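Per this note's numbering, the sequence shown starts with residue 30, numbered consecutively.
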Amino acid sequence: MSWLPVLTDDQMNDDQKKVFARALTKLNIEGDAPDWLRVLANAPLFLKDVFMNLDKGVFSEGALQAKTRVLLAAVAAAHHGNRDVATFFAERARGLGFTDEQIHEALGIAATSTSFNLYYKFRSLAATDAFEGLNPGLRASLFMRPTMGKAFAELVNLMISTANGCPSCVSGHIQEAVSLDITREQIDEVIRTGAIVASICQFVNSSERYAR
30 MSWLPVLTDD
40 QMNDDQKKVF
50 ARALTKLNIE
60 GDAPDWLRVL
70 ANAPLFLKDV
80 FMNLDKGVFS
90 EGALQAKTRV
100 LLAAVAAAHH
110 GNRDVATFFA
120 ERARGLGFTD
130 EQIHEALGIA
140 ATSTSFNLYY
150 KFRSLAATDA
160 FEGLNPGLRA
170 SLFMRPTMGK
180 AFAELVNLMI
190 STANGCPSCV
200 SGHIQEAVSL
210 DITREQIDEV
220 IRTGAIVASI
230 CQFVNSSERY
240 AR
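The structure is reproduced here in structure tokens:
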């Protein structure tokens, strides 16, 4: 068998079929199942964790609205390089009322965040004060004038800065989030959303279906 194939129904064993069917129900997927879900079926226990995590951590209401977490999931999937997973969540986000323009703006916020993360992560790694006081000179229009509000932009910044491993960025965005009345529970949920989606993309990106 090839490496992490996109399993057809006929290729699945009984355990895989059982968990896969449950995943389709839990995730409200009708018609053709997405390829990435069929890749996850190679590890049925992991697939079970995935759909349970998504059901509770993304699609259910919490400190954050479920629709907000769905959009954040689309952003996280795009950030972790899986177009199919990102498309799945983006389509759900559209169904919950977000426009293409809003989805694209959220992706732009994430990309802008990455530019600052890389810049300031270098300063942390350099372990010297030689670069202190230098202006990064990076444009950040979407940070200043986000159409979905600065609080949403900060949620994206927190999720992406954490994924990119920039300690000073995370610390700064936490302070900014608190100033915008974002609660610790909301911060916890956005990080959990990013973690769930990152785990999906890490597994699925290893499949030959998504080989680069």
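Note that the Cβ used here is the ideal one computed from N, Cα and C, for glycine as well.
The structure presented is a predicted model; accordingly, all values stated were derived computationally and were not measured.
{"Query": "Segments assigned alpha helix (DSSP H), at least 4 residues, entirely inside the stretch 177–217", "Result": "179–192 and 196–208"}
{"Query": "C-alpha gap between arginine 174 and glutamate 90, whole angstroms", "Result": "27 Å"}
{"Query": "Of the listed residues Ile189, Ser144 and Leu184, nearest to arginine 213 (C-alpha basis)", "Result": "Leu184"}
{"Query": "Contact between the stretch 179–196 and the stretch 204–219 (3+ Cβ pairs under 8 Å)", "Result": "yes"}
{"Query": "Within 8 Å, strictly: CB atoms of isoleucine 203 and alanine 139", "Result": "no"}
{"Query": "Beta-carbon contacts of leucine 93 that lie in its chain and below 6 Å, excluding the five residues immediately before and after", "Result": "Gln215 and Glu218"}
{"Query": "Alpha helix (DSSP H) segment containing glutamate 59, residue limits", "Result": "Careful: glutamate 59 lies outside any alpha helix (DSSP H) and carries neither H nor E."}
{"Query": "Range covered by the alpha helix (DSSP H) that runs through methionine 173", "Result": "170–173"}
{"Query": "Contact under 8 Å by Cβ, arginine 126 with lysine 96", "Result": "The displayed chain sequence assigns glycine, not arginine, to residue 126. Yes; because the gap between Cβ atoms is below 8 Å, this pair is in contact."}
{"Query": "Selected residue, minimal CA-CA separation from arginine 67, among Asp84, Arg98 and Lys46", "Result": "Lys46"}
{"Query": "Candidates Cys195, Ser31, Thr37 and Ile58: closest to leucine 147 by CA position", "Result": "Cys195"}
{"Query": "Which listed residue (Asp44, Thr157, Val48 and Asp64) has its alpha carbon closest to that of leucine 33", "Result": "Asp64"}
{"Query": "Simplified DSSP assignment, three categories, for glutamine 40", "Result": "coil"}
{"Query": "Straight-line gap, glutamate 134 to leucine 100 (C-alpha atoms, nearest Å)", "Result": "11 Å"}
{"Query": "Per-residue burial, serine 144 [other beta carbons within 10 Å of its own, 16 or more giving buried]", "Result": "exposed"}
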